[in-house]
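Residue numbers (the UniProt record's numbering), protein chains in the order written: chain A, 1 to 693; chain B, 1 to 757. Written out below as structure tokens is the structure these notes cover.
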Amino acid sequence: MCASVKYGSRGPALIPRMKTKYRIYYITLFSVVLLGLIATGIYYITLFSVVLLGLIATGMFQFWPHSIESSAEWSLDRRSVHDAPLVRIPMSSPIPERGDLSCRMHTCFDVYRCGYNPKNKIKVYIYPLQRFVDEVGVPISSTGLSREYNDLLSAISDSDFYTDDVSRACLFIPSIDVLNQNSLRIRETAQALAMLPRWDKGMNHLLFNMLPGGPPDYNTALDVPRDRALLAGGGFSTWTYRQGYDVSIPVYSPLSVEVDLPERQPGPRRYFILSSQTAIHREYRVELERLKEENGEALLLLDKCSNLSQGLASVRKRCYKGQVYDYPQILQESSFCVVLRGARLGQATLSDVLQAGCVPVIMADSYILPFSEVLDWKRASVVIPEEKLPEMYTILKSIPHRQVEEMQRQKWTSVNSPLFLPLIPPRSPGFTAVVLTYDRIESLFRVITEISKVPSLAKLLVVWNNQNKSPPEESLWPKVAVPLKVLRTKENKLSNRFFPFDEIETEAVLAIDDDIIMLTSDELQFGYEVWREFPDRLVGYPGRLHLWDHEMGKWKYESEWTNEVSMVLTGAAFYHKYFNYLYTYKMPGDIKNWVDAHMNCEDIAMNFLVANITGKAPIKVTPRKKFKCPECTAIDGLSLDQTHMVERSECINKFASVFATMPLKVVEHRADPVLYKDDFPEKLKSFPNIGSL
Amino acid sequence: MQARKKYVLLGLCTCCWLLLYYWGGLQERLLGLLTHRRGEVVRPWPNWLDRDLLPGYADQAELQNAGGPGDSPRQRRQSWAGIYKDSRCRMDTCFDFARCQGQSSFRVYIYPPEKGERVSESYRKILTSVVESRYFTSDPREACLFVLGIDTLDRDQLSTQFVPNMDERIRGYPLWNDGRNHVIFNLYSGTWPNYTEDLGFNVGQAILAKASLNTEHFRPGFDISIPLFSKEHPQKGGERGWLVRNTVPPRRKYLLMFKGKRYLTGIGSDTRNALHHIHNGKDIVSLTTCRHGKDWEKHKDARCDHDNQEYERFDYQELLHNSTFCLVPRGRRLGSFRFLESLQAACIPVLLSNGWELPFSDVIQWNQAVIEGDERLLLQVPSTVRAVGTDRVLALRQRTQMLWEAYFSSVDKIVLTTLEIIKDRVNSHISRNKFMWNALPGGLLVLPEYSTHLAHYPFYYLNLGISPGQEFTAVIHATSPLVSQSQPIMKLLQVVSKSKYCSQIIILWNSEKPPPHRSKWPPMPVPLIITDGRRKTSSRFLPNAAIETEAVLSLDEDTVLLTSEINFAFHVWQSFPERIVGYPPRSHFWDPVKKAWGYTSKWTNEYSIVLTGAAFYHRYYHHLFSHYLPSSLRALVDRTSNCEDILMNFLVSSVTHLPPIKVAQRKQYKEMPILQVRPEIHPKKVFLGHCFMSDKGTKMAPWANPEHFTQRQECVNTFASWFGYMPLVHSQFRLDPVLFKDHVSVLRKRYKDLERV
């Protein structure tokens, strides 16, 4: 809702924890990741999202949150897995070819099945569950459908991707569970795959596998012959992974869901390095022990407990010299946690470690890290070549504390301004002045006459906000050298001044009120020159400040002679036309309506908007502090002034709550011409006529 | 009236239709309820009754055991080296890391050219880039990486630049070692008609840095895809991108354009022969010509004459400037010149080149800068690009410029990027992350040896949503011996140490006399460190481990400043931590008569340099100054004892593309001896009298020597030629305190002292 604009501007992140309060945030991030990816081969990306969706929704993958809501409507429909039809595989049933390592999207994937769809929403079909058995009735898998695979398929079927119409499907997901190769009979599983009605050489079929290979050599990809099927696999090596075709996924650890670990703040931990894996090769254990000898207490090397009985209890315990530690809780006590390869490259420990908020030290040469094509693993983990294990301690010690904390946080905010390229646009296109007026014709004409003297003025637009009265005849308007156009509005709204009119053809817009007559041509031209150096900021004249009122516990608007500035008034300010789009179409929450209803604070809203998206302060130019002469304000009277201030303060509080943050930035500087007030011949100054206050 | 009736009728129809639809749906649902058949239709994947009884996919113990510890890692590594060779090479198996250890671990050696060896223009540029890079070594024994002296860029047998007998010649190299630790540059491989990826010789275990690489042959994490570039591609610097402003709406005159050859036969013709289908003559201009090759008329078809005519009507450059998207289809090979051309022109590339491994795909996130299409789906391209929203067009377009300027605009950048990618692999734990490669100012300006932590760099604060620290380190450059307690440096120490943001002061002792004893220095509220600069001017910007703060305040020993001036400048720097923020402004200009850059110290309406005699900047720039810049430029600075401040300004502006920031009114930052006779350096400056002086100045200051100024002019030109362009940018404003010289009570002013300067 309100904060969507801001979230949309955040970059991708690596988030292993799944706390409810962050869910929306994560999901937004997730979509950002995906949106950012759309270009990387449209179908690969969709494939990616399907895989992610499956993992998220099952809770298998802690990188993104999920919530599965099984609708009550379906609660009547209750069947057992055992009701699924039995299919007998004939002995001579054909076996698919082994996976083709040269497969890529453009060679092995049939895009024509996917049809055209600008949103890249492809359709996924899931085969109905069948129980495959061989000729003598032995099932092809010792476990059958696993809980995890069931959850994964449920999630996909609940999503927009799902279709039950085979003919419309672009991607096919077999209901044959191949998550764990150990429980499979390879040949029979392959035959079962080939028997699927739409198999067609595995084209557009997606398989999920987390534990590939088997003894003794443990292949790094599923050994089941699978033709051209795509594979979302855990534990790929660089030799088996087909970049842009396969997806690398983490090995799910059920422990992470069973044990609810408290959230730990980033900071120092009791141990520096922890090794918790139970199956570490002897050569590596020797190395680790040597490190332990050299560095003592900083390292904790755990192993399985020899004296405990087998079973679940032993899974949750680790031992060191007879001392027993709880696993995975102990992971939270260390800054770094070692994840060494075993026979397999993908380790479930990685999931535990990330869940616990420990920084993984991954040592698995040639391992394709989960989702490595989108996740920046170097920001959340330390990857060390196995050979450098003896140097691990030195390498980790060289990482600055603050970086370790950032890694522990595993969640990064990043502001990406939409106008991020450092450009100083050329002077020549000039700027478009947009004058907002109601009926003060005399003053309006004076403003127009004054502005028309500014050398870089390209066009004048008068936004006529009075519906009851027509603008004066053309002949009555002052004669100006640039095009002048009057735009009549349908409603008397303040927001009209920020509408991205097609008539604005320059990047730079000067928003100006119809009563700002005291700004000199030099001041305006100088303002434009400063804007050119800060095209992504508001550049204006009088500055204003927001302050925290400790007594009232809320924000306060300040217009007195302050040494600081956090806003500039848009009664006369330069800004990029892009912000007109933002203001008109992307203003968070109900701010736009609030402004139009109160007929006030459109400038504060604009300041919030720009500061929020760029993270930068506005630029106040020249000494100008007030728009109106002091005598004029005196007439209005003090009381009016005070209600005005109260209302403005209210605006700040309102907007801060809608933005869910205070985006305004406070600075102590203003921009003056280089030779301002210098003892220098006035006629040699570019901007001699800079007025005061 | 007629129209209104129509609308009413239409509305009524819609209502009826909706009602029918609704009722129909309801009926169907009721039916479903009665027949109990709903589950199969509505619920695609059943909510199994025994869901909770389903087994886990793997036993917990099995998961933790993960198949056991596996084979001996040592044996595994050995056996890998035997299996994963040649086409299956990876860094782990085909690269000798042992060669890259030690202090200066990453060194590149080039084989000396053989007598009479002809090398193409492009290859000569590549070799020059390597030689001028900071990684070059002329000693093969200390090399980690080897580059061939033989030109391997064009391996098309029909080409005049084709070098025969490569296998034989390479085998003659004693260091060849089956190509291990070698990198082979190539732009063209294969020949008519198939244009295969074959180089015509056995590259063995050498890393290929090759254009038009195919994903199938690409050895991930080993080979490097480079862009195809022309022989006119500049050695250094290079043209800037064409985007000068972000107009909104960002659409240009044409939505999509292509202008190029149509192949009637042979590889690539499937795509090139179809491109004309999307031409609509309005916002999509796709022009093809048959007129290429010697015997095009032989293959001529019915379209040719008309197409050729249409082709001439549009100018390629004009189209580049005025299109939002540019089609970049494959040619005979996968890559094409137009990829870089459209990147530079900020015309968002729409790739139609299936299987092309994009340049530097290891590190660059291309999805942020290009649209990847599919050759098979050409006809969908128009609607795909039409669906790209305003924000995305803006972002993609700016991204093309960022990538162009960071990695592609010169041969130097392309070669350095290649080397840096390999270096990142060699020192994998001290390497750049994806963010560093893809954020401004680009990976080449990030030296991971300095830090791998983003918050330690001056240009990521905004991205990270954090601000720089609240303290600074003052570095005072001292060249005169300490003789009296009233010397300017004593006063300066007092002034600086009084700032509440000052955490320490470092005196860089560059005098001929040894530094005075500690007791000679006044007592300070902050730590005072004296370091020896060994009388080198460049030592001023040596990375000093003692500098613990992000901000450095650089001062000359005779700088005159007030504490409040220091505080104000520091506050401004916190808003612009990537720039130089300080007091003494200078300017450069183009002298059309001399056809050279000029340097001026007179007061002008604009400036492009802020001298480092009184300026804040980020400490990372010390690192860049000492490690990124070539030693030749630092040697120049040391030889002349001059220009280090100008060089620093060049460096920082080349990183930011922005001017430095001058704060407040003070321009002259040294005390000027009143009767000093000043050398007439520039005739124009006479009337400006008091103000053009003193780039450096004490009584015996080097600037009293007229040569000093001439040197500075020369420096500007030398630096500009090393950078390959003029990085300095002018600014027309300075930043003053908000109430500066306003007619309000001084009691209100936080920086009232500044007005007395």
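For glycine and all other residues, C-beta sits at the position ideal for the given N, C-alpha and C.
Item to check | 8 Å Cβ cutoff met for residue 759(B) and residue 502(B) | outcome: Outside the shown range of chain B, which is 1 to 757, sits residue 759(B), and nothing can be said about it.
Checklist entry - What does a CB cutoff of less than 6 Å around residue 304(B) pick up in its chain, not counting 5 residues either side in sequence? => result 290
Checklist entry - Could one say the Cβ of residue 260(A) lies closer than 8 Å to chain B's Cβ atoms, at least one of them? => result Using a CB distance cut-off of 8 Å, residue 260(A) does not count as an interface residue toward chain B.
Item to check | Delimiting residues of the alpha helix (DSSP H) encompassing residue 167(B) | outcome: 166-171
Item to check | Close-in-space but distant-in-sequence residues of the same chain around residue 288(A) (CB under 8 Å, 5 per side omitted) | outcome: 275, 280, 299, 301, 338, 389
Checklist entry - Quick one: any contact between the segment 450-469 of chain B and the segment 429-440 of chain B, if contact means 3 or more CB pairs under 8 Å? => result A contact exists between the segment 450-469 of chain B and the segment 429-440 of chain B.
Checklist entry - Excluding five sequence neighbours on each side, which residues of the same chain lie with their C-beta closer than 7 Å to the C-beta of residue 35(A)? => result For residue 35(A), the pLDDT reaches just 33, beneath the cut-off of 50, and the residue's location in the model is therefore unreliable, although a value from the coordinates is still provided. Nothing listed; no residue qualifies.
Checklist entry - Who are the neighbours of residue 455(B) on chain A, taking C-beta pairs under 7 Å? => result Those are 402, listed as they occur along chain A.
Checklist entry - Quick one: is residue 551(A) buried, meaning 16 or more other Cβ sit within 10 Å of its Cβ, or exposed? => result exposed
Next on the checklist: The alpha helix (DSSP H) that contains residue 516(A), what's its start and end?
Outcome noted: No alpha helix (DSSP H) contains residue 516(A), which DSSP labels as neither H nor E.
Checklist entry - Does DSSP classify residue 664(A) as helix, strand or coil? => result coil
Checklist entry - Is it true that the CB of residue 93(B) sits closer than 8 Å to the CB of residue 224(B)? => result no
Checklist entry - Are residue 661(B) and residue 738(B) touching if we call contact CB-CB under 8 Å? => result no
Next on the checklist: What does DSSP give as the partner residue(s) for residue 225(B) in the beta ladder?
Outcome noted: 210(B)
Checklist entry - Smallest Cα separation from residue 379(B): which of 434(B), 147(B), 85(B), 284(B)? => result 284(B)
Item to check | Minimum Cβ-Cβ distance from residue 284(A) to chain B less than 8 Å | outcome: yes
Checklist entry - Is the distance from the Cβ of residue 670(A) to the Cβ of residue 565(A) below 8 Å? => result yes
Item to check | Interface flag, residue 570(A) vs chain B, CB-CB below 8 Å | outcome: no
Next on the checklist: If we define contact as Cβ-Cβ less than 8 Å, is residue 45(B) a contact residue for chain A?
Outcome noted: yes
Checklist entry - For residue 308(B), does the three-state DSSP call read helix, strand or coil? => result helix
Next on the checklist: If we define contact as Cβ-Cβ less than 8 Å, is residue 149(A) a contact residue for chain B?
Outcome noted: So yes, residue 149(A) belongs to the interface.
Item to check | Neighbouring residues, chain B, relative to residue 267(A) (Cβ below 7 Å) | outcome: Going along chain B, no residue has its Cβ under 7 Å from residue 267(A), so there is no contact; the nearest lies around 16 Å.
Next on the checklist: Quick check on residue 587(A): does DSSP put it in helix, strand or coil?
Outcome noted: coil
Checklist entry - If the cut is a Cβ gap below 9 Å, which residues of chain A does residue 657(B) touch? => result Correct list: 421, 422, 423, 424.
Checklist entry - Is any beta-carbon of chain B found at less than 8 Å from that of residue 378(A)? => result Against chain B, the CB of residue 378(A) has a partner CB under 8 Å away; the residue lies at that interface.
Next on the checklist: For a test of the three-state rule: what should DSSP assign to residue 295(A), helix, strand or coil?
Outcome noted: helix
Checklist entry - Does the count of Cβ pairs from the segment 600-620 of chain B and the segment 656-671 of chain A closer than 8 Å reach three? => result Flag = no, the segment 600-620 of chain B and the segment 656-671 of chain A do not touch.
Checklist entry - Can you tell me the Cα-Cα spacing of residue 808(B) and residue 410(A), whole angstroms? => result Residue 808(B) falls outside the range modelled here, since chain B spans only 1 to 757, and no answer is possible.
Checklist entry - Of all Cβ atoms in chain A, is any one closer than 8 Å to the Cβ of residue 64(B)? => result yes
Checklist entry - If you measure from the beta carbon of residue 426(B) to each beta carbon in chain A, is any gap under 8 Å? => result no
Checklist entry - How close, in whole Å, do the beta carbons of residue 50(B) and residue 80(A) come, if the pair is a contact with beta carbons under 8 Å? => result 5 Å
Next on the checklist: Measuring alpha carbon to alpha carbon, tell me which residue in 714(B), 604(B), 623(B) is nearest residue 685(A).
Outcome noted: 604(B)
Next on the checklist: Considering only DSSP beta bridges, list what residue 736(B) is partnered with.
Outcome noted: Its beta-bridge partners are 670(A).
Item to check | Inter-residue Cα distance where the pair is residue 667(A) and residue 616(A) | outcome: The C-alpha of residue 616(A) is placed about 10 Å away from the C-alpha of residue 667(A).
Checklist entry - Under a Cβ-count criterion, where at least 16 other Cβ atoms within 10 Å of its own Cβ denotes burial, should residue 67(B) be classed as buried or exposed? => result buried
Checklist entry - Buried or exposed: residue 33(A), going by 16 or more other Cβ atoms within 10 Å of its Cβ? => result With a pLDDT of only 37 at residue 33(A), under 50, the local geometry of the prediction cannot be trusted, and the value read off the model is given with reservation. Buried.
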